[in-house]
Amino acid sequence: MRAPVLVTLCVWVLSDAASRQFTEEEMAAVRQRIKSMFYHAYNSYLDKAFPYDELRPLTCDGQDTWGSFSLTLIDALDTLLVLGNQTEFQRVASLLQDTVSFDIDVNASVFETNIRVVGGLLSAHLLSGRGAMDLEPGWPCAGPLLRMAEDAARRLLPAFQTPSGMPYGTVNLRRGVGPTETPVTCTAGVGSFILEFSTLSRLTGDAAYEDAARRALRALWGTRSPIGLVGNHIDVLSQKWVAQDAGIGAGVDSYFEYLVKGAIMLQDEELLDMFLEYDRALQNYTRFDDWYLWVQMHKGTVSMPVFQSLEAFWPGLQSLLGNLEGAVRTFQNYYSVWRQFGGLPEFYSIPQGYTVDKREGYPLRPELIESAMYLFRATGDHTYLQLGLDALESIEKISRTPCGYASVKDLRDHQLDNRMESFFLAETVKYLYLLFDPTHFLHGGGAEGDGSWEAGGEAGRCVLGAGGFVFNTEAHPLDPAALHCCGRHAQDRHALRDVLLGLSEPAGQSEQPGPAEAPPPGQSESIALKAGERKTPPRSCPVQPFSARFSVLGQVFTGDS
16 MRAPVLVTLC VWVLSDAASR QFTEEEMAAV RQRIKSMFYH AYNSYLDKAF PYDELRPLTC
76 DGQDTWGSFS LTLIDALDTL LVLGNQTEFQ RVASLLQDTV SFDIDVNASV FETNIRVVGG
136 LLSAHLLSGR GAMDLEPGWP CAGPLLRMAE DAARRLLPAF QTPSGMPYGT VNLRRGVGPT
196 ETPVTCTAGV GSFILEFSTL SRLTGDAAYE DAARRALRAL WGTRSPIGLV GNHIDVLSQK
256 WVAQDAGIGA GVDSYFEYLV KGAIMLQDEE LLDMFLEYDR ALQNYTRFDD WYLWVQMHKG
316 TVSMPVFQSL EAFWPGLQSL LGNLEGAVRT FQNYYSVWRQ FGGLPEFYSI PQGYTVDKRE
376 GYPLRPELIE SAMYLFRATG DHTYLQLGLD ALESIEKISR TPCGYASVKD LRDHQLDNRM
436 ESFFLAETVK YLYLLFDPTH FLHGGGAEGD GSWEAGGEAG RCVLGAGGFV FNTEAHPLDP
496 AALHCCGRHA QDRHALRDVL LGLSEPAGQS EQPGPAEAPP PGQSESIALK AGERKTPPRS
556 CPVQPFSARF SVLGQVFTGD S
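The opening residue of the sequence shown carries number 16 in the working numbering; numbering runs sequentially from there.
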């Protein structure tokens, strides 16, 4: 049921912004300002903080936060290429291979390591061709950055070894899950793996990653309440909800995001059906005048009438599903908060129209800019460019320091905090730049590259980079065509092996057992029979043994589609 909020916040008063039209020259000038912002922060990190995870912009030094593996450099790697800097992209890709090891005795967040490290390395790997790097034969189904991503992800898999399949929130990268580790984790920490793990499985041929992500998703799906909602934190061993607040913000957000984007990237109806059922419950119980409140997951009664800054991704997600009318109205609400403070506070009381105590900060999050990018792509409305310009100027005015950009500790008086999270370079700057570059290759254009698509796979028979990129929740773009490319090659290899074995084995004759040896990583599977394996010859050769394939804007079609 729907009820009005107690206080209507601000009216959408943007007549000046809505009437302004940005010229191509003005957009190019803004892009240059965004590049300058990036390099001020990036160079400060390299000069003052590397190899630590993050820059401390007030004291001009570094600190380890999420795992001690030069996190900012991994997170910013694909942004370098988005900005057109192939030379630095190549240098940093090589540097990371030489300096970063995940074989460390460190307790790491499973969720953060996945979205920032695994996602960042996979994205950089898939963009390596456009980055003019030396590519291994068979790329994108092989490569050093792919191996790094798999190494990191493999160290996360022990967290999924629970009776339910839902992962622990923390894992030691060398020793696995500790005996005293809490089984309580947030909903997003259970349901935000399908993009990275399915990409990894499709590129490497190892199904363990995608299987783990899907098992966790299905287990989480089975815990929803009778009214169709999920809570905020769950015990992964007992499958009991510890925090029963239901909403779209912190602790839940990327779970819904990954259902939609997973459905798009994998063309998966199961994931889409899950989201659509959730969305019906969310619209029914949590949406009030185009705000989304927090409610009790079993009763639907309001528990927290607040807007959280992490919820600002929602209008962009709605646009991907074609719900532009609702997306625009919700974005208007969120933008009014931005204009009130020059940023989005972490928590905002909707009835009071002001920040929530101890939640007044703005750590330079990207979500509202992300939604502006999607909505500008969908509508062409230059109001969203105005938001981007407002964001750029607010960050420059409030957060710039001699050593980078500092998180805002309190938006009421613009006190700063001594931290620059890696997502500032991975997401905030990237989405700002893409907002003002509608012909960028990630949008399907070729402004920053030497062509609109690339050849990849065995013998260059796959079309890559033609568009349709899907961003993970850390803004790392993944190319769906690469997944189908490698998946199709794996099917071809198995089909070819079966045909050749069938043709080479005389009827009634069996192979003698011999030593079996695993193929080196990255090489095709041997067509030799394994010990004790028998194959019967096919009655006839297939008329068309392999499906033809082609790609249009990243969507791959096979001969049997």
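Cβ atoms here follow ideal geometry from the backbone N, Cα and C, with glycine treated the same way.
Nearest to residue i by CA position, among the options, is which residue?
i    : options                   : result
L88  : D68, F328 and K314        : D68
G193 : L379, A261 and T177       : T177
F484 : F303, W353, L287 and L137 : L137
A168 : F126, V205 and S324       : F126
E211 : D226, T197, E469 and P453 : D226
F271 : Q105, R344, P492 and I209 : I209
E361 : A265, H397 and I279       : A265
A123 : N187, R162 and L359       : N187
L86  : V107, E41 and G158        : V107
A56  : H455, K445 and M435       : M435
L359 : K314, Q101, A406 and D113 : A406
G395 : S334, C156, P417 and M52  : S334
T80  : R476, G482 and N433       : N433
G472 : A157, D149 and Y349       : A157
L161 : S216, T454, R374 and L110 : S216
V115 : P66, I249 and K424        : P66
H313 : H397, P417, V352 and S240 : S240
P495 : P152, G277, C418 and V132 : G277
E103 : Y54, Q78, V121 and L70    : Y54
C201 : L150, K255 and D221       : K255
W236 : A44, V205, Y60 and S253   : V205
L336 : T416, D288 and V121       : D288
E375 : N338, K424, Q367 and Y349 : K424
T301 : E41, D283, T345 and E284  : T345
E408 : R354, R230, C477 and D149 : R354
A43  : H455, A481, C477 and D304 : H455
Just to confirm, are residue i and residue j a CB contact at a threshold of 8 angstroms?
i    : j    : result
L73  : L332 : no
V321 : V310 : no
A261 : L244 : yes
F290 : L308 : no
Q457 : M388 : Note on identity: in this sequence residue 457 is Leu, with Gln being the wrong assignment. Not in contact: L457 and M388 (Cβ atoms no closer than 8 angstroms).
Q105 : A147 : yes
D268 : E326 : yes
A234 : G180 : yes
F249 : W306 : Looking at the sequence provided, one finds Ile at residue 249 rather than Phe. Result no, Cβ atoms of I249 and W306 do not sit closer than 8 angstroms.
L390 : V343 : yes
A223 : L171 : no
S59  : G419 : yes
H397 : F37  : yes
Am I right that residue i and residue j are in contact with their C-beta atoms under 8 angstroms? What's the rounded C-beta distance?
i    : j    : result
S83  : I130 : Going by Cβ atoms, the distance from S83 to I130 rounds to 17 angstroms, so no, they are not a contact pair.
L281 : S207 : About 15 angstroms; that fails the 8 angstroms criterion.
D166 : F117 : 5 angstroms
I413 : H429 : 5 angstroms
V251 : P182 : 7 angstroms
Y448 : E385 : Contact doesn't hold; Cβ gap of about 12 angstroms is too wide.
L426 : F356 : 4 angstroms
R35  : Q347 : Contact doesn't hold; Cβ gap of about 17 angstroms is too wide.
D452 : R190 : That pair is no contact at about 44 angstroms.
A497 : L110 : With 8 angstroms as the limit, A497 and L110 do not qualify as a contact, their Cβ atoms being about 24 angstroms apart.
L479 : P152 : About 15 angstroms; that fails the 8 angstroms criterion.
I263 : W329 : 5 angstroms
E489 : G135 : 7 angstroms
Q112 : P159 : 5 angstroms
For residue i and chain C, any beta-carbon pair shorter than 8 angstroms?
i    : result
S351 : The structure shown contains no chain C, having only a single protein chain.
Item to check | Touching by the beta-carbon criterion (3+ pairs, under 8 angstroms), the stretch 377 to 390 and the stretch 433 to 447 | outcome: yes
Checklist entry - In the stretch 40 to 127, which residue ranges form an unbroken alpha helix (DSSP H) of at least 4 residues, counting only runs that do not cross its ends? => result 86 to 97 and 101 to 114
Checklist entry - So does the stretch 90 to 99 actually touch the stretch 138 to 148, counting three or more Cβ pairs closer than 8 angstroms? => result yes
Next on the checklist: What ranges does the beta strand (DSSP E) occupy inside the stretch 302 to 330, keeping only unbroken runs of at least 3 residues that lie completely in it?
Outcome noted: 309 to 311, 317 to 319 and 321 to 323
Next on the checklist: List, from N- to C-terminal side, the alpha helix (DSSP H) runs of 4 residues or more that fit wholly inside the stretch 265 to 289.
Outcome noted: 268 to 281
Checklist entry - Which full runs of the alpha helix (DSSP H) of 4+ residues lie inside the stretch 132 to 213, going along the chain? => result Runs found: 134 to 141, 159 to 169 and 202 to 206.
Next on the checklist: Between the stretch 236 to 256 and the stretch 284 to 299, can you find at least three pairs of beta-carbon atoms closer than 8 angstroms?
Outcome noted: With a cut-off of 8 angstroms, the stretch 236 to 256 and the stretch 284 to 299 count as touching, because enough Cβ pairs lie within range.
Item to check | beta strand (DSSP E) runs contained entirely in the stretch 368 to 433, provided each spans 3 or more residues | outcome: 423 to 425
Checklist entry - Whole beta strand (DSSP E) runs in the stretch 228 to 267 with 3 or more residues, listed along the chain? => result 248 to 250 and 256 to 258
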